[in-house]
Structure formats: structure tokens, C-alpha cells
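Visitor: Heads up, the sequence shown is in UniProt numbering, so the first residue is 1 and it goes up one at a time.
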Amino acid sequence: MRAIVVEEFGGPEVLELAEVERPEPGPGEVLVRVESAGINYADTMRRQNQYLKKQTLPFVPGSEVAGTVEALGSGVSNVSEGDRIVNLGNDGGYAEYAVVPSRTVIPVPDGLGPDEAAAIPLQGLTAYHVLKTTGRLAEGESVVVHAAAGGVGYLAVQMAKLMGAGTVIATASNQEKLNLAKDLGADVVIDYTESSWPESVKTATGGRGADVILEMVGGDFPEKNLDCLAPFGRMVVYGAASGEPSSVELFRLMRRQQTVSGFFLPWVLDDTDLLAASMGEILSWLGSGELKLNVGGRYPLSDAAKAHADLEGRKTVGKLVLNP
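1) Are Val65 and Val34 close, meaning C-beta to C-beta below 8 angstroms?
2) When the Cα of Asp211 is compared with those of Val201, Ala181 and Leu112, which residue comes out closest?
3) In angstroms with no decimal places, state the Cα-to-Cα distance between Leu301 and Pro12.
4) Using the three-state DSSP reduction, which class does Val130 fall into: helix, strand or coil?
5) Going straight from the alpha carbon of Pro222 to that of Lys54, what length do you get?
6) In angstroms, rounded to a whole number, what distance separates the CA positions of Gly185 and Leu52?
7) Does Ser36 pass the burial test, meaning 16 or more other C-beta atoms within 10 Å, or should it be called exposed?
8) So Ala98 and Val32 are supposed to be a Cβ contact under 8 angstroms. How far apart are they, rounded?
9) Under 8 angstroms, do Ala117 and Met159 count as touching if we go by C-beta distance?
10) Spatial neighbours of Leu283 within its chain, please: C-beta separation below 7 angstroms, excluding the five flanking residues on both sides.
11) Using only alpha-carbon positions, find the residue among Glu81, Glu244 and Ser288 that is nearest to Gly111.
12) When the distance is taken between beta carbons, is His129 closer than 8 angstroms to Tyr192?
13) Three or more C-beta pairs closer than 8 angstroms, one from the segment 271-282 and one from the segment 249-259: is that the case here?
14) Out of Arg2, Ala149, Gly75 and Lys319, state which residue places its alpha-carbon closest to the alpha-carbon of Leu15.
15) Tell me whether Phe263 is buried or exposed, calling it buried when 16 or more other Cβ atoms sit within 10 Å of its Cβ.
16) Buried or exposed for Gly93, going by 16 or more other Cβ atoms inside 10 Å?
17) Quick one: Cα of Asn78 to Cα of Val30, how far?
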């Protein structure tokens, strides 16, 4: 089969298309014919060995796969051959076939295509839990969603409204993305390339600051976020897209009773009750039409390097997928 294989860490150019042996499912596993593989910032970090978990070489990237169950390993009873599923795992998705644990597969509802299904697990669950579980967003509170036109941000703006947020403040890097965030329901849109954006957040919240801020940029953004975070406010860190390290002065947290929390999705995936409840709510929003998905870019498997370059170059909107 064809797959993207990383033999050395580095830039997008290390994503090379190769012919490899098709995997076989072991006990408790299923073989999936991949129709769509999600592309995420976590993939770019693994490619550079900068992810929270160290990566070993060689490997096939891709934690999200949507497709059809092709074969079952021994002991599998919760799915059948021919089932349409989506799965979030560790790697192996940038390929024509992937092996995944049967316990983690999620049935794809009728009417949802593979590209759209691939937009749900990582980014949908992340958006949901940074707001609700870690951010503890309460009805009527204000929230800042950075990179609001991106995969997580696109969903987080909508989910914040669905969870009862009072003021949703969306930031993005250009007018087209700001217009998109406005269309998604953001009450206030701010260009974060302008140095005065923290003051704009304060203005939008009557000088108090935002109750919840979703941080995924890194560099100097965490400190700037704290400048416009309300007393008793919560900043949730779930990424560092800039690749730049950050630091936070602890005493400043005391002065305004602020909280900085981290979010790492694998902890949710290990909690089957939490996973089932959150996926149920997300799928119900999709089914009712209250939550909209956006596949912003489709790439053939051979263009994986271009997809990574476009994502890191902030040239994209919404979810990116590879189609083997």
C-alpha cells in the first residue's frame, strides 16, 4: 500500500510517499480502509519530535482516520466488516490502510461523509473539552477563541455559543478569517496580528477582561492573554502553534486570582464515560444542524508535505484532510 513515511525529523519535506506492507489487525484491532485522514498541528509537532510524547523513527503520521472496516482481529465484537467508522489514535493514518484498536472506533452517522467525519475526533473533542471540562465555561461568561478560523477555533466559536457563553470574542490573522468567525456567531472579532489586541479584548468586556481564554499560540501570547484575562478567569493551554516557548510569572496569577490550566486530549480518550458523553453531545449538535463542520482543504496523499506547509504557513481555514 501507499503511505507517508517519516525517516528523519524535520520540515514538511521529510513527509515522503512510499510503498509499504499493508498492516494486519491483531487481537482487539480492526483494519480500516482509509478514506480520509485528518491533518492536525499535533502531526506537525510529531514530525519535528516536539510533541508532548516523544516520537520514534520511522513512523507513518496521522492520528485521525475515517473509512470502512476492512478486516477484524480476534476478539472484536463491537464492529463489523463494512462499518463506516472514525478513529483517533497515535499515528498510521497517512496511508491507504491503518490498524486501530476496536475499542476506540466511533460509528459515523448516516449522512456524514468521511472528510466531515475526520473533522470530529481531535478538533471536535478538543474544542468541547477546553471550553467545558477544563475551561469550565459558565452561562453568560465571556470567552476568547484564538485562531477562530482554524480547525479547533471554527468549532469552539460555535460550541461556546451552544454552551451559553455571553460574549464570544474571536481572533484571526486577516479580514477573511474574521468575517468567517463573525458568520459562525462570534460577537466580537479582533485581528491578533495587531499589537493592541489585548486592549481590544478589554474594551469588548467593559474593561474587566475575558472569563475564559483558549491559548494555543505560544511565544508571548500567554502573557498577553493574562493582560486581558478577568479576575478569577481561566486560561486553557492546548497547544503552541508558533513553536516558541512561553513563560508565565506566577505572582501575577495571584494578584488577579487567575488560573492557567493545560489540556491534553489523551486523558479524555482514556475516560470512556467522559468520551461517550461528549461525543454524544457533539453528534447531537451535528444531527440537529446547530454545529457546522468545515473541511477547508482536501489534499491527495502525495501532497502531505504541501498540506503541512500550508497549515504551518497559516494559509488554511477549517479542517484539512488527506484523501489516500
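Glycine included, every Cβ here is placed at the ideal spot set by N, Cα and C.
Since the structure is predicted, the reported quantities are computational estimates derived from the model, not experimental observations.
Guide: Quick look at the numbers:
1) yes
2) Val201
3) 13 angstroms
4) helix
5) 24 angstroms
6) 33 angstroms
7) buried
8) 5 angstroms
9) no
10) Pro109
11) Ser288
12) no
13) no
14) Arg2
15) buried
16) buried
17) 10 angstroms
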